[in-house]
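See structure below.
2 protein chains.
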Amino acid sequence: MASRAGSIRPRLVDVARLAGVSLATASRALNQPEIVRPAIRERVQEAVMTLAYSPDRMAKALSSGKSRIIGAIVPTLGNAVFAHGVEALQERLGERGYTLLLSNSQYDPERELRQVGAFLEQGVDGMVLVGDLFAPEVLPLIKRRGVPLVTTYVCASRHGIPAIGIDNSRATRETTEYLLGLGHRRFAIVANTALPNDRSQARLEGMLSALSDHGIHVAPNSIVEVTLPTIANGRRAFVTLLSANPRLTAILCTTDALAVGALAEARNLGIRVPTDLSVVGFDDVEIAAEVDPPLTTVNVPAAEISRLAADRLVSAIAGNSVPMMTQLAARLIIRGSTDRVRRRRSTPLDGSKPVSRSRIGEMSKGIRRML
Amino acid sequence: MASRAGSIRPRLVDVARLAGVSLATASRALNQPEIVRPAIRERVQEAVMTLAYSPDRMAKALSSGKSRIIGAIVPTLGNAVFAHGVEALQERLGERGYTLLLSNSQYDPERELRQVGAFLEQGVDGMVLVGDLFAPEVLPLIKRRGVPLVTTYVCASRHGIPAIGIDNSRATRETTEYLLGLGHRRFAIVANTALPNDRSQARLEGMLSALSDHGIHVAPNSIVEVTLPTIANGRRAFVTLLSANPRLTAILCTTDALAVGALAEARNLGIRVPTDLSVVGFDDVEIAAEVDPPLTTVNVPAAEISRLAADRLVSAIAGNSVPMMTQLAARLIIRGSTDRVRRRRSTPLDGSKPVSRSRIGEMSKGIRRML
DNA sequence: CTGAAAGCGCTTACAG
DNA sequence: CTGAAAGCGCTTACAG
Numbered sequence: 000m001a002s003r004a005g006s007i008r009p010r011l012v013d014v015a016r017l018a019g020v021s022l023a024t025a026s027r028a029l030n031q032p033e034i035v036r037p038a039i040r041e042r043v044q045e046a047v048m049t050l051a052y053s054p055d056r057m058a059k060a061l062s063s064g065k066s067r068i069i070g071a072i073v074p075t076l077g078n079a080v081f082a083h084g085v086e087a088l089q090e091r092l093g094e095r096g097y098t099l100l101l102s103n104s105q106y107d108p109e110r111e112l113r114q115v116g117a118f119l120e121q122g123v124d125g126m127v128l129v130g131d132l133f134a135p136e137v138l139p140l141i142k143r144r145g146v147p148l149v150t151t152y153v154c155a156s157r158h159g160i161p162a163i164g165i166d167n168s169r170a171t172r173e174t175t176e177y178l179l180g181l182g183h184r185r186f187a188i189v190a191n192t193a194l195p196n197d198r199s200q201a202r203l204e205g206m207l208s209a210l211s212d213h214g215i216h217v218a219p220n221s222i223v224e225v226t227l228p229t230i231a232n233g234r235r236a237f238v239t240l241l242s243a244n245p246r247l248t249a250i251l252c253t254t255d256a257l258a259v260g261a262l263a264e265a266r267n268l269g270i271r272v273p274t275d276l277s278v279v280g281f282d283d284v285e286i287a288a289e290v291d292p293p294l295t296t297v298n299v300p301a302a303e304i305s306r307l308a309a310d311r312l313v314s315a316i317a318g319n320s321v322p323m324m325t326q327l328a329a330r331l332i333i334r335g336s337t338d339r340v341r342r343r344r345s346t347p348l349d350g351s352k353p354v355s356r357s358r359i360g361e362m363s364k365g366i367r368r369m370l
Numbered sequence: 000m001a002s003r004a005g006s007i008r009p010r011l012v013d014v015a016r017l018a019g020v021s022l023a024t025a026s027r028a029l030n031q032p033e034i035v036r037p038a039i040r041e042r043v044q045e046a047v048m049t050l051a052y053s054p055d056r057m058a059k060a061l062s063s064g065k066s067r068i069i070g071a072i073v074p075t076l077g078n079a080v081f082a083h084g085v086e087a088l089q090e091r092l093g094e095r096g097y098t099l100l101l102s103n104s105q106y107d108p109e110r111e112l113r114q115v116g117a118f119l120e121q122g123v124d125g126m127v128l129v130g131d132l133f134a135p136e137v138l139p140l141i142k143r144r145g146v147p148l149v150t151t152y153v154c155a156s157r158h159g160i161p162a163i164g165i166d167n168s169r170a171t172r173e174t175t176e177y178l179l180g181l182g183h184r185r186f187a188i189v190a191n192t193a194l195p196n197d198r199s200q201a202r203l204e205g206m207l208s209a210l211s212d213h214g215i216h217v218a219p220n221s222i223v224e225v226t227l228p229t230i231a232n233g234r235r236a237f238v239t240l241l242s243a244n245p246r247l248t249a250i251l252c253t254t255d256a257l258a259v260g261a262l263a264e265a266r267n268l269g270i271r272v273p274t275d276l277s278v279v280g281f282d283d284v285e286i287a288a289e290v291d292p293p294l295t296t297v298n299v300p301a302a303e304i305s306r307l308a309a310d311r312l313v314s315a316i317a318g319n320s321v322p323m324m325t326q327l328a329a330r331l332i333i334r335g336s337t338d339r340v341r342r343r344r345s346t347p348l349d350g351s352k353p354v355s356r357s358r359i360g361e362m363s364k365g366i367r368r369m370l
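In order, the protein sequence lines correspond to chains A and B. The letter at position 307 of the first sequence is residue 306 when you use numbering that gives the first Met the number 0, and the numbering goes up by one with no holes. The letter at position 172 of the second sequence is residue 171 when you use numbering that gives the first Met the number 0, and the numbering goes up by one with no holes.
Have a look at this one:
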């Protein structure tokens, strides 16, 4: 019933007939050339050329049990890190003869679960996920089908899945140490941890543990948790934090977008960065280097992570055992948004100086803009 | 040979057996329930539940000739417009029971051609492309296979493909009229047209035609064509344009990233926007509203385009004829980066005032930073 | 409305 | 190294 509208495409039988060999031999000549006599092999190749034959992957998939399709689920493509990662993943998989089935979960474990189910039904040969936090049914479901799986952007999995990524917690610990080294003691944090997100959670924990190692306690009202890491949320969080704690000297963000929002709002409120306040992000997306001042942040090697994930997965599909953890470097990129802490700040919001009426007006204007 | 590692999944035969019906009836109960007696239908449904049966899509695909997979090729996910578009496309297709095969061409027609070939081999039921500029083999190849196709981000195709998008040229014509209305007469343009890109080409033409309608000729050295629409390229182009023509009052960009780069470099050089210079972009990506000053731009309804593309394609696959052109509104979003032209400007680069040594230093620093 | 049977286009033990 | 044949798991004319 198949036969599409256009002219009927040639089948492997046609190739076999033209080459004067059996169907089986034609198949072998294409898939295991070393096993067939050179003369015959060439006759088949020729037939393939003259007929412009290309195999039907659906048939191939059904009879071989291999679809040569990989499924990847990322939280969102709205985050440039994932956008670039997916791009690199597709490229590398393409080079390896695989095509990429993509979907996005919007940070919703239930959606992710459904999408895993759909991919499995679709017959994917392997799957790429993000992080190590899943709906409880996800892993058993995949395991039951015997489909190889890798996870990305984290470097270790509590579930025994090969992971390729960075040590998020260690990276922010280092960043925080760096700020401590600059003399900062009054910190605030903006974290997109309101939705299930173990990468951001780990980043948050890294910050807190470094601070706690230095005997610094961060008050609950100095931590703002947001859902999506948008610039607008960064602005909003910034205002909240500064209102609650006018004397803070450093703001740590789990994502560049949040930090960019903080910078934008700082400018809006007349707070000088890094003179009055240091701001750091995480991700090192394109915009981070271009804002004013350029943002100090941590580089996430998304493309490299994705290429390695592709390689590991292809290897696993081939039956090889693959390393359980692959940790890539997450380098701290020091730019203009961080500096040593000043003895005496003089920001409009500093307690040492009353906030002027016009400043308050500006601030509330800023708040309105964000809502 | 298929049988995966884990426990063998139930097959439709198992369902049929358990329900006490034939394989054919089981199949019909699932795919054309209205054609089978209610009592039997329910028995089959039950069997499906107790066995946790899910059909093998590869087998389904082979026998029905329908894979329920859609292939989409976009230039890059690095552009937030495409990232959001792909996200929306995947969501809508998912709701319709289709999965999305994705690849990116990096604005290379040859790559696109290869990817089209791969998708076709993979047995996609339909394809989504971007724009109306393809390698010559692409369309015949798709047509020969009888695979439905739609194109996006343009509203008309010279090749008889259903198109869903905006009128790029008209949008920039309106933007240009708006600036003319503000009194601007000295224009420069940054266009990412150095790679094949008919959307940006159309935007460029819209600008030029509006200007020419008003008797304004844009000198060749007032147009910079770049390859990728990056912020860095926007900075670079800005310096080039301003050096060549210090008296210009408005810069039109075919993309927000380029405009954001222009804004960043303007700040860097001490040129005030919009006082000294007006800047407009195109796309209305998230960052456009957040830069300082907020960018005047044209909104591209990427999600809406993608959802409509999905709907049209699904409809075409079902055998319906679909509209050849679907034009969505591309609204001009006026923000803070544009204003009426001033009688006498006094930018550092204005001919009426010698450029100071320190300014030159800053400029060349700016240039260095971009390379 | 239901069943037996052929067929979708490949791959791959099984014999030679 | 090669061929005849069975099989992958579905769908769908074809008869009843």
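We treat Cβ as the ideally placed atom computed from N, Cα and C, and that holds for glycine. The model shown is predicted, which means the values in this text are computed figures rather than measured ones.
Measure from the alpha carbon of residue i to the alpha carbon of each residue in the options, then state which is nearest.
| i | options | result |
| --- | --- | --- |
| Arg-56(A) | Pro-54(B), Ala-51(B) and Ser-62(B) | Ser-62(B) |
| Arg-16(A) | Ala-162(A), Ile-333(A), Ser-102(A) and Tyr-52(A) | Tyr-52(A) |
| Leu-312(A) | Ala-18(A), Leu-50(A), Gln-105(A) and Gly-70(A) | Gly-70(A) |
| His-158(A) | His-183(A), Leu-132(A) and Gly-318(A) | Leu-132(A) |
| Pro-293(A) | Ser-305(B), Ile-270(B) and Ala-263(B) | Ala-263(B) |
| Leu-101(A) | Ala-117(A), Arg-341(A), Arg-184(A) and Asp-283(A) | Ala-117(A) |
| Ala-340(B) | Thr-175(B), Leu-240(B), Asp-275(B) and Pro-37(B) | Rather than Ala, the amino acid found at residue 340(B) in this sequence is Val. Among Thr-175(B), Leu-240(B), Asp-275(B) and Pro-37(B), the Cα nearest to that of Val-340(B) is on Asp-275(B). |
| Asn-196(A) | Leu-119(A), Glu-176(A) and Thr-253(A) | Thr-253(A) |
| Asn-220(B) | Ala-243(B), Gln-326(B) and Ser-208(B) | Ala-243(B) |
| Val-217(A) | Met-206(A), Val-225(A), Val-80(A) and Leu-227(A) | Met-206(A) |
| Lys-59(B) | Gln-326(A), Glu-120(A) and Leu-50(A) | Glu-120(A) |
| Ser-305(B) | Arg-113(B), Lys-65(B), Pro-54(B) and Tyr-152(B) | Tyr-152(B) |
| Thr-171(B) | Ile-188(B), Ala-155(B), Ser-156(B) and Ile-160(B) | Ile-188(B) |
| Asp-166(A) | Ala-134(A), Pro-139(A) and Glu-204(A) | Glu-204(A) |
| Ser-104(A) | Ser-104(B), Glu-41(B), Glu-90(B) and Ala-25(B) | Glu-90(B) |
In its own chain, which residues sit with a C-beta less than 6 Å from the C-beta of residue i, not counting the 5 before and 5 after it?
| i | result |
| --- | --- |
| Ile-141(A) | Leu-148 |
| Ser-211(B) | none |
| Ala-249(B) | Leu-178, His-183, Phe-186 and Ser-277 |
| Gly-335(A) | Pro-292 and Pro-293 |
| Ala-265(A) | Val-272 |
| Thr-295(B) | Val-279, Ile-333, Arg-334, Ser-336 and Thr-337 |
| Gln-200(A) | Thr-192 |
Go ahead and pull the three-state DSSP assignment for residue i.
| i | result |
| --- | --- |
| Glu-136(B) | coil |
| Thr-49(A) | helix |
| Ser-156(A) | coil |
| Ile-215(A) | coil |
| Asn-220(A) | helix |
| Leu-128(A) | strand |
| Ile-68(A) | strand |
| Ser-104(A) | coil |
| Val-149(A) | strand |
Does the ligand GDP have a heavy atom nearer than 7 Å to the CB of residue i?
| i | result |
| --- | --- |
| Leu-241(B) | This structure lacks the ligand GDP, and indeed carries no ligand of any kind. |
Closer than 7 Å by C-beta to residue i: which residues in its own chain qualify, once you throw out the five before and the five after it? Chain order, please.
| i | result |
| --- | --- |
| Arg-27(B) | Ile-34 and Val-35 |
| Val-290(A) | Val-259 and Leu-262 |
Answer yes or no: do residue i and residue j have a C-beta to C-beta separation smaller than 8 Å?
| i | j | result |
| --- | --- | --- |
| Tyr-97(B) | Arg-144(B) | no |
| Ala-329(A) | Val-279(A) | no |
| Met-324(A) | Ala-82(A) | no |
| Gly-77(B) | Glu-86(A) | yes |
| Glu-285(A) | Thr-174(B) | no |
| Ala-190(B) | Arg-202(B) | yes |
| Val-14(A) | Val-47(A) | yes |
| Asp-310(B) | Val-80(B) | no |
| Leu-11(A) | Leu-22(A) | yes |
| Ala-193(B) | Gly-233(B) | no |
| Leu-240(B) | Leu-247(B) | yes |
| Gly-180(A) | Leu-327(A) | no |
Under 8 Å Cβ to Cβ from residue i, same chain only, skipping five residues before and after it: list those, please.
| i | result |
| --- | --- |
| Ile-366(B) | Legend: pLDDT at Ile-366(B) = 34, less than 50; position of this residue unreliable, value from coordinates given subsequently. Within the same chain, Ile-366(B) has close Cβ partners Arg-235 and Val-238. |
Worksheet item: What are the complete beta strand (DSSP E) segments, minimum 3 residues, inside the stretch 233-301 of chain B?
Response: 249-252 and 277-279
Worksheet item: Curious, which full-length beta strand (DSSP E) runs of at least 3 residues does the stretch 305-346 of chain B contain?
Response: 324-326
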